[in-house]
Amino acid sequence: MSEIKLVFTGSAGAGKTTAISTISEIPVINTDVRSNDFTTHLIRQSIDTSRKETITVAMDYGELTLDDGQKLRIYGTPGQQRFDYMWKILIKGALGLIILVDNAGDDPVGDLARYLDNFREFIKETSAVVGITRMDLSPEPNLEIYHEYMQSHGIRLPIYSVDARSRDSVVMLIHALVAMLEYG
Amino acid sequence: MLAPQLITKLDQRLAKLLEDCSVINAAVVTTADGHMCAMRQGNQDYPLERLATMGSTLMSLGDTITAELKMGTCDNIISENKQGIVAFMHINNNLVLVTLTVQKNALGMLLSHSRRCAEEMAQFV
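Top line first, the protein sequences correspond to chains F and V.
Counting from 1, position 48 in the first sequence corresponds to residue 576 in the numbering used here; the numbering is continuous, with no gaps.
Counting from 1, position 85 in the second sequence corresponds to residue 1199 in the numbering used here; the numbering is continuous, with no gaps.
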């Protein structure tokens, strides 16, 4: 039985912790604390009560065994740039990266650009897939916009609309990543 | 974030900490989610904003580890290094105190003064 380390990264509130919790076979180890971004929180809460009130400050960790017996060790990074040192720590030894982007965020394409840039070397050496969340709440920008952005920067990665609360949706992302790792 | 008056009080207490304990080279108060509230340092030029964020990460990891091991709450995290010691400790559930010394034999002083400082801060925050 082989083991694979995967990392979920992406913008704050995109659903990294939720996605890992949705699929993990073990109780997820997480390091969430209450967010003190009061101003942002209150503004967002007035328009969107589904925003979470906690943030991950170190990592999330879960495990999943695929049908073929492959065991996945799944890590989640903090979303905020100020925790970028954790990105470098968590990506060590990983075989693949899943980038989640909150489509209801202030600048979702900019968020994708930031993560593609931060993990550029890793993506070059291995692979990644992109999941866009909360498209039900904010349908724009659509997937075509993201495709165009990546194409214009010479990046070819699979991109999907996903629901981090749906096991099928998250497992689909993981299967896509595993396929990318196996077949390039 | 905290009220400005509270940040001033934290800053004043950090200044007293460095006055009272000359082996402490720098001290930072950070929120549990990595926002710096107050900082003091001597003549050095440590990246204290960065240390504040890392302090929140380390305390959270400490809490997670002790919870997994059912060892109660995490009181301190001590990083003993070739060129000094860094101590991390809770002030309360939402604030973390980070202190450091470049003297390798000053762990006791660092911890006792830092602990007293954290306890006093906990009373007024």
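For every residue, glycine included, the Cβ atom is placed at its ideal position computed from N, Cα and C.
These numbers were taken from a predicted model, which means no experiment stands behind them.
When the cut-off is 7 Å and only beta carbons count, does residue i lie next to chain V?
| i | result |
| --- | --- |
| S697 (chain F) | no |
| R642 (chain F) | no |
| T605 (chain F) | no |
| R610 (chain F) | yes |
| I583 (chain F) | yes |
| S563 (chain F) | yes |
| A540 (chain F) | no |
| T559 (chain F) | yes |
Work out the CA separation of residue j and residue i for me, nearest whole Å.
| i | j | result |
| --- | --- | --- |
| L1162 (chain V) | N1139 (chain V) | 12 Å |
| C1188 (chain V) | M1168 (chain V) | 16 Å |
| C1231 (chain V) | Q1155 (chain V) | 15 Å |
| R1127 (chain V) | M1235 (chain V) | 8 Å |
| E653 (chain F) | L534 (chain F) | 14 Å |
| A704 (chain F) | M678 (chain F) | 18 Å |
| Y1160 (chain V) | P636 (chain F) | 34 Å |
| E581 (chain F) | D1134 (chain V) | 38 Å |
| L1183 (chain V) | G1176 (chain V) | 11 Å |
| K1130 (chain V) | N1195 (chain V) | 25 Å |
| D1147 (chain V) | T1171 (chain V) | 8 Å |
| A540 (chain F) | A656 (chain F) | 18 Å |
So, is residue i buried or exposed, given that buried needs 16 or more other C-beta atoms within 10 angstroms?
| i | result |
| --- | --- |
| F1238 (chain V) | exposed |
| T1215 (chain V) | buried |
| M1185 (chain V) | exposed |
| P555 (chain F) | exposed |
| S1174 (chain V) | buried |
| M1150 (chain V) | buried |
| S1228 (chain V) | buried |
| G621 (chain F) | exposed |
So that I know if they touch, is there some Cβ in chain F lying closer than 7 Å to that of residue i?
| i | result |
| --- | --- |
| G1148 (chain V) | yes |
| S1170 (chain V) | yes |
| L1175 (chain V) | yes |
| T1213 (chain V) | no |
| T1145 (chain V) | yes |
What does residue i pair with, by DSSP beta-bridge criteria?
| i | result |
| --- | --- |
| S563 (chain F) | DSSP output for S563 (chain F) lists no bridge partner at all. |
| G604 (chain F) | F:F536, F:D588 |
| D630 (chain F) | F:T661 |
Whose Cβ in chain A lies nearer than 7 Å to the Cβ of residue i?
| i | result |
| --- | --- |
| N1206 (chain V) | Going by chain labels, chain A is absent from the structure shown, which instead holds the protein chains F and V. |
Inset, instruction - Assess, as a yes-or-no matter, whether the region 623 to 636 of chain F is touched by the region 660 to 672 of chain F under the definition of 3 or more beta carbon pairs within less than 8 Å. - result: With the cut-off at 8 Å, the region 660 to 672 of chain F and the region 623 to 636 of chain F touch.
Exercise for review: Tell me, please, whether the region 537 to 557 of chain F touches the region 696 to 706 of chain F by the rule of three or more beta-carbon pairs shorter than 8 Å.
Suggested key: Contact holds: three or more Cβ-Cβ distances are below 8 Å.
request  = Check whether the region 597 to 615 of chain F touches the region 670 to 689 of chain F, counting contact only when three or more Cβ pairs, one atom from each stretch, lie closer than 8 Å.
outcome  = Too few Cβ pairs lie closer than 8 Å, so no.
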